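J.: Just passing along the structure, written as structure tokens.
In the numbering used here, the protein residues as written are 12 to 319.
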């Protein structure tokens with residue numbers, strides 16, 4: 012009798028089943044955060060959305076049924092009327108004359124000062140940075156009267172000012188805008204430049220780069236996200252400003268775009284739907300600037316949020 016001595020084969024093991032894909036748990040805290048952010052976003056967008064909605068409806072309809080009623084007729088007639096009746100083209104040009112040089116000069120001077128404070132190791136740099144920062148805490152209304160007196164006494168040639176003084180000229184508004192905004196820009200850019208690798212400048216110095224080359228060709232290109240974020244904010248602030256132009260400009264033809272909305276107000280009656288259309292038109296340039304610089308703006312806001 013023959014005995015089979017071959018080892019017994021192990022029983023076939025069942026194929027491992029694929030791991031069940033579990034559903035991602037939704038945390039109540041995350042839901043609460045998203046709900047809060049959505050509520051805050053809607054709260055900020057509600058006035059703009061209501062203005063757009065009102066600008067598309069006739070005033071007679073909203074006065075009879077209310078601003079929150081369903082529309083019966085929508086049109087863009089108010090936008091055409093607001094643009095033509097207020098003469099916005101002239102005021103847009105005035106605003107660009109003030110805002111564009113103001114933003115460019117502010118960023119140039121602020122970046123230059125910030126470079127000196129952050130990269131050249133100046134004596135008393137921290138004190139100077141504190142002075143620039145403290146200037147932002149000064150209420151603007153405090154120096155309205157002194158500046159009014161000073162600008163009336165600063166002479167300018169006729170080709171620079173019709174009044175032969177700084178008062179009633181674009182120069183007065185531009186200078187004040189630069190003076191008040193440069194402190195904030197210096198504070199932001201100086202802190203950003205301190206985060207740049209020091210080895211880059213050391214290598215440039217070894218290669219014989221001067222101070223101007225270190226600033227213009229090395230440091231400034233690395234500050235592009237911060238400059239874009241500041242440029243967006245500065246343009247928005249200077250574009251929307253109305254106080255300084257109202258104080259230092261007496262000629263109505265030199266006023267900025269924010270004053271054009273006053274032309275849509277009647278002496279005895281104001282069509283608020285027409286005024287809403289004008290407000291939407293006035294807000295469009297700042298929205299366009301943000302969309303053009305959105306990528307750099309977000310990059311500037313998120314600088315330092317992650318390492319590596």
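The C-beta atom is built at its ideal place from N, Cα and C for all residues, glycine as well. Here the structure is a predicted model, which means the values were calculated and not measured.
Please determine if the stretch 194-214 and the stretch 268-285 are in contact, where contact requires at least 3 C-beta pairs separated by less than 8 Å.
T.: These segments do not touch.
J.: Quick check: residue 100 and residue 268, are their CB atoms within less than 7 Å of each other?
T.: Going by C-beta atoms, residue 100 is not nearer than 7 Å to residue 268.
J.: In whole angstroms, what is the alpha-carbon distance linking residue 153 and residue 264?
T.: Rounded to whole angstroms, residue 153 to residue 264 spans 27 Å at the Cα level.
J.: Is it right to say residue 143 is buried, meaning 16 or more other beta carbons lie within 10 angstroms of its own, or is it exposed?
T.: Classification of residue 143: buried, given that the 10 Å Cβ count is 16 or more.
J.: Taking the alpha-carbon positions, what's the residue 138 to residue 46 distance?
T.: Straight-line Cα distance between these residues: approximately 43 Å.
J.: Which residue from 48, 196 and 287 puts its Cα closest to that of residue 123?
T.: Checking every option, the nearest Cα to that of residue 123 belongs to 196.
J.: Quick one: complete alpha helix (DSSP H) runs, 4+ long, within the stretch 228-315?
T.: Correct list: 235-251, 254-259, 283-303 and 305-312.
J.: Return helix, strand or coil for residue 206, following the three-state DSSP convention.
T.: Residue 206 falls in the coil class under three-state DSSP.
J.: Give the secondary structure of residue 166 by DSSP, where H, G and I count as helix, E and B as strand, and everything else as coil.
T.: The answer is strand: DSSP assigns residue 166 an E or B state.
J.: Just the Cα atoms here: how many angstroms apart are residue 287 and residue 102?
T.: C-alpha separation (whole angstroms): 17 Å.
J.: Using a Cβ-Cβ cut-off of 6 Å (strictly less than) and excluding sequence neighbours within five positions of residue 233, which residues of its own chain qualify?
T.: Closer than 6 Å at the Cβ level, and outside the excluded window around residue 233, lie 207.
J.: Kindly give me the distance between the Cβ atoms of residue 194 and residue 114, rounded to whole angstroms, as I take these residues to be in contact under 8 Å.
T.: With 8 Å as the limit, residue 194 and residue 114 do not qualify as a contact, their Cβ atoms being about 15 Å apart.
J.: Do the CB positions of residue 160 and residue 255 come within less than 7 Å of each other?
T.: Taking 7 Å as the Cβ cut-off, residue 160 and residue 255 do not qualify as a contacting pair.
J.: Does the structure place the stretch 218-231 close enough to the stretch 169-186 that three or more beta carbon pairs sit under 8 Å?
T.: These segments do not touch.
J.: Assuming the contact rule is C-beta atoms closer than 8 Å, residue 182 and residue 172 should be a hit. Round their C-beta distance to whole Å, please.
T.: Right, their Cβ atoms sit about 7 Å apart.
J.: For residue 82 and residue 237, I'd like the C-alpha separation in whole angstroms.
T.: Going from the Cα of residue 82 to the Cα of residue 237 covers about 44 Å.
J.: By the DSSP assignment, the alpha helix (DSSP H) with residue 79 in it spans what residues?
T.: No alpha helix (DSSP H) contains residue 79, which DSSP labels as neither H nor E.
J.: Compare the Cα-Cα distances from residue 226 to each of 201, 296, 56 and 58 and report the closest residue.
T.: Answer by Cα proximity: 201.
J.: For residue 276, collect the residues of the same chain with a Cβ closer than 8 Å to its Cβ; drop the 5 residues on either side in sequence, then sort them by chain order.
T.: Once the five neighbours on either side are set aside, the close Cβ partners of residue 276 are 286.
J.: Exposed or buried, what is residue 73 when buried is set at 16 or more other beta-carbons lying within 10 Å of its beta-carbon?
T.: Looking at its Cβ environment, which holds 16 or more other Cβ atoms inside 10 Å, residue 73 is buried.
J.: Can you say whether residue 189 is buried or exposed, counting buried as having 16 or more other CB atoms within 10 angstroms of its CB?
T.: With 16 or more other Cβ atoms within 10 Å, it is buried.
J.: Looking at residue 239 and residue 304, is the spacing between their C-beta atoms short of 7 Å?
T.: Yes, these two residues count as a Cβ contact at 7 Å.
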